[in-house]
């Protein structure tokens, strides 16, 4: 990882866009989760969010939900009492592909996580699992994965010695190597399955492209035109690729509007007629905080020469954002972008790591990207 940047989520999980011609149908989803009792169970759509919820009755649940049955998106069955969705050592949700027929999901709760799930009635899910089962690299991942888990347990539960740490790191490197080999196997097999909706979904999950224009272009080029129109994930990647093109140097900067600390909103277009540095950062981002003195120095040097800074924080915590602004004494315009999906400035500008910045000219055109350290002041000195 670049020590001067903090990498954000991969594109594969930044999916929150709607597409035309979605085939929706009311589908009954029922099942049993041993240990859930009478707690709430939710069904989540990657676009709409929550689409149904019900309180289980003695471990059993059932609801009818209007869902997409054609584009093979993954739905989420979430038990909120087990924890929030997102990175966690626990597993509060089950992910599955829906189809037009009723679906039954059975599972149990063990050690605060959903385990032993069985999904019945989804041919798309069966086909997905069959594609995964067919991989030749599965055995190596299973064997090395067990060795890694044993090493993880030895270091974190038994004894945090230097020897145990050394073994853990070595097993981690071996597991990473196995996953790279598996990704290569999946990519190699796309050619024989390039019009398969199942393989479009499968490859998007297990061999997702790099989060950049080149990676997306290469990945998408391997699939047929028809499946690109049908697949939820390939459509997302195509939209992301288009957005990369929209934020290249020479393009007009896409407009957005976000709220300041006092709740008043500020639009990017309100800076038209000035040079503006659009700067994405966060309070928890060490490289961002180290970069801020350079941004402040450039602002103080050029603020009387038609230059402004529009700082966009991607903090999820408003108090943390406010605290960082006070600590670093940043005298320019600040807004908070805690949104996900549509309306998110970081998604609009395809921000995959922070700090990231865009220099925009008085006509609203992007003239430079990622000017850091003394480069910012030098560029402004020759431009303003």
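Residue numbers (UniProt numbering): 1 to 384. Backbone N, C-alpha and C define an ideal beta-carbon position, used for all residues, glycine too.
Neighbour-count burial assignment, residue i, 16 or more Cβ in a 10 Å radius
i           : result
residue 33  : buried
residue 115 : exposed
residue 2   : Note that residue 2 scores a pLDDT of 46, beneath 50, so its modelled location is shaky and nothing firm can be said.
residue 198 : buried
residue 362 : exposed
residue 240 : buried
residue 88  : exposed
residue 81  : exposed
residue 122 : buried
residue 158 : exposed
residue 136 : exposed
residue 253 : buried
residue 349 : buried
residue 20  : Any reading at residue 20 must be qualified, since the residue scores a pLDDT of 42, below 50, and its modelled position is unreliable; the value itself is stated next. Exposed, by the Cβ-count rule.
residue 71  : buried
residue 200 : buried
residue 210 : exposed
residue 425 : Summary: the structure shown does not reach residue 425, with the chain confined to residues 1 through 384, and so no result is reported for it.
residue 9   : A caution first: residue 9 carries a pLDDT of 46, below 50, which makes its placement in the model too unreliable to give a value.
residue 119 : buried
residue 110 : exposed
residue 261 : exposed
residue 11  : Low per-residue confidence applies at residue 11: pLDDT is 40, beneath 50, and the placement is therefore not dependable enough to give any value.
residue 231 : buried
residue 160 : exposed
Pair within 7 Å by beta-carbon distance, residue i and residue j
i           : j           : result
residue 69  : residue 31  : no
residue 36  : residue 64  : no
residue 73  : residue 46  : yes
residue 265 : residue 257 : yes
residue 336 : residue 316 : no
residue 186 : residue 206 : yes
residue 244 : residue 204 : no
residue 124 : residue 94  : no
residue 355 : residue 291 : yes
residue 278 : residue 358 : yes
residue 24  : residue 66  : yes
residue 179 : residue 165 : no
residue 269 : residue 306 : no
residue 140 : residue 168 : no
residue 360 : residue 276 : yes
residue 320 : residue 283 : yes
residue 272 : residue 364 : yes
residue 224 : residue 194 : yes
Residue i Cβ short of 6 Å to the ligand ATP heavy atom set
i           : result
residue 290 : Of the ligands one can find in the structure shown there are none, so the ligand ATP has no counterpart to examine.
Under the three-state DSSP convention, the category residue i falls into
i           : result
residue 349 : coil
residue 7   : Residue placement at residue 7 cannot be trusted, given a pLDDT of 47 that sits under 50; the coordinates are not used to answer.
residue 133 : helix
residue 223 : coil
residue 85  : coil
residue 213 : helix
residue 106 : strand
residue 161 : coil
residue 1   : Only weak support is given to the placement of residue 1: the predicted model assigns it a pLDDT of 40, under 50, and the value that follows is read from those uncertain coordinates. In the structure shown, residue 1 sits in coil (DSSP, three-state: anything other than H, G, I, E or B).
residue 93  : strand
residue 245 : helix
residue 236 : helix
residue 113 : strand
For residue j and residue i, believed in contact at Cβ under 8 Å, the rounded distance
i           : j           : result
residue 297 : residue 334 : Actually they are not in contact, since the Cβ atoms of residue 297 and residue 334 sit about 17 Å apart, beyond 8 Å.
residue 85  : residue 105 : Not quite, the Cβ-Cβ distance comes to about 17 Å (not below 8 Å), so this is no contact.
residue 117 : residue 131 : At roughly 18 Å, the Cβ-Cβ gap does not stay under 8 Å, so residue 117 and residue 131 are not in contact.
residue 113 : residue 90  : 5 Å
residue 191 : residue 222 : 7 Å
residue 280 : residue 346 : 6 Å
residue 202 : residue 128 : 6 Å
residue 196 : residue 227 : 7 Å
residue 56  : residue 38  : 6 Å
residue 294 : residue 376 : 6 Å
residue 249 : residue 368 : 6 Å
residue 148 : residue 181 : Between residue 181 and residue 148 the Cβ distance is about 15 Å, and since that is not below 8 Å, they are no contact.
message = Could you tell me which whole beta strand (DSSP E) segments of length 3 or greater appear in the UniProt domain "Thioredoxin" (247–384)?
response = Listed in chain order, the beta strand (DSSP E) runs fully inside the UniProt domain "Thioredoxin" (247–384) are 257–259, 265–267, 275–281, 307–313, 333–336, 356–360, 366–369, counting runs of at least 3 residues.
inquiry  = List, from N- to C-terminal side, the alpha helix (DSSP H) runs of 4 residues or more that fit wholly inside the stretch 13–82.
reply    = Listed in chain order, nothing qualifies, since the stretch 13–82 has no complete alpha helix (DSSP H) run of 4 or more residues.
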